[in-house]
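A.B. asks: At position 118 of the sequence shown the residue is numbered 118 (UniProt numbering), and the sequence of numbers has no breaks. Yeah, the Cβ is synthetic: ideal placement off N, Cα and C, and Gly gets one too.
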Amino acid sequence: MTRRPCRTFALPRQCASAPAWTALIDKFRAFRLEALRTSPTAFTSSLEREQAFGRDVWEERLRNPGATIVVAVEEGVETDAVDAALQSEWLGMAALIAAQDGAAAWLNGVFVTPAARHRGVGSALLKGCLREGSALRAGLLYQVMVSADNVAAIKLYEKAGFVICDDESESLRMERVAEC
1 MTRRPCRTFA
11 LPRQCASAPA
21 WTALIDKFRA
31 FRLEALRTSP
41 TAFTSSLERE
51 QAFGRDVWEE
61 RLRNPGATIV
71 VAVEEGVETD
81 AVDAALQSEW
91 LGMAALIAAQ
101 DGAAAWLNGV
111 FVTPAARHRG
121 VGSALLKGCL
131 REGSALRAGL
141 LYQVMVSADN
151 VAAIKLYEKA
161 GFVICDDESE
171 SLRMERVAEC
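Right under this line is the structure:
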């Protein structure tokens, strides 16, 4: 399988252009719903639940100052996040959600499209989230919940320095402390 380079970036929390903002919300919604459709057991939410969300919920998710949405796209010539987000096919997406005390952040909704798996996109997404988190705080504690039977995801997180901290249920809590 050919590994084509990808890049990651945080989606903007707003756009100067109203049509671009609407298109970004629509693309974000469509990608998240496709993730839920493709891998329903990988998420704590459901397709049925999120299909019912109005535009205001999707817009709030993008505008949320405590959350950063990171996407992966194939390396290209796009110069800014809005152009890249609107003109490129998304290979993966993850959310970094900061705890209110600022000491920790949760990785949430990590998803790579089936066609982009085993190409380094998951690793790139994690690196992108860690990069975004380092801007929040040095020594940030990153946490993620992963299904105990999702061996590929567990290996991905372990390769990125996460360790299993709690394995008493069907889900595992994994943590990693950011480098200072």
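Which residue from C15, F31 and T22 puts its Cα closest to that of P114?
C.D. replies: Walking along the sequence shown from the start, residue 114 turns up at place 114. For P114, the nearest C-alpha among the options comes from F31.
A.B. asks: In terms of residues, what are the limits of the alpha helix (DSSP H) holding D167?
C.D. replies: Taking the sequence shown and counting its residues from 1, the one referred to as residue 167 is at position 167. Where D167 is concerned, there is no enclosing alpha helix (DSSP H), given that its DSSP letter is neither H nor E.
A.B. asks: Counting only the same chain and skipping the five closest in sequence on each side, list residues whose C-beta sits under 8 Å from that of V70.
C.D. replies: By 1-based counting over the sequence shown, the position of residue 70 is 70. Excluding positions up to five away in sequence, the list reads T8, F9, A10, L11, M93, A94, A95, L96, L125, G128, C129 and E132.
A.B. asks: Using a Cβ-Cβ cutoff of less than 6 Å, which residues in the same chain neighbour R137 once the five nearest sequence positions on both sides are dropped?
C.D. replies: To locate residue 137, count along the sequence shown from 1; it is residue 137. Counting only Cβ-Cβ distances below 6 Å, and skipping sequence neighbours, we find G102.
A.B. asks: Along the alpha helix (DSSP H) that carries L33, what are the first and last residues, could you check?
C.D. replies: Stepping through the sequence shown from its first residue, residue 33 is reached at position 33. Unbroken alpha helix (DSSP H) run through L33: A18 to T38.
A.B. asks: Any contact of the region 22 to 41 with the region 71 to 88, i.e. 3+ C-beta pairs under 8 Å?
C.D. replies: Yes, since at least three Cβ pairs between the region 22 to 41 and the region 71 to 88 fall closer than 8 Å, the two stretches touch.
A.B. asks: Of the choices P5, A148 and Q143, whose alpha-carbon is the least far from that of D167?
C.D. replies: Taking the first residue of the sequence shown as 1, we reach residue 167 at position 167. Considering only alpha carbons, the answer is A148.
A.B. asks: Excluding the 5 residues preceding and the 5 following R176 in the sequence, name in chain order all residues of the same chain whose CB lies nearer than 6 Å to its CB.
C.D. replies: As a position in the sequence shown, residue 176 is number 176, starting the count at 1. The residues are Y142, G161 and F162.
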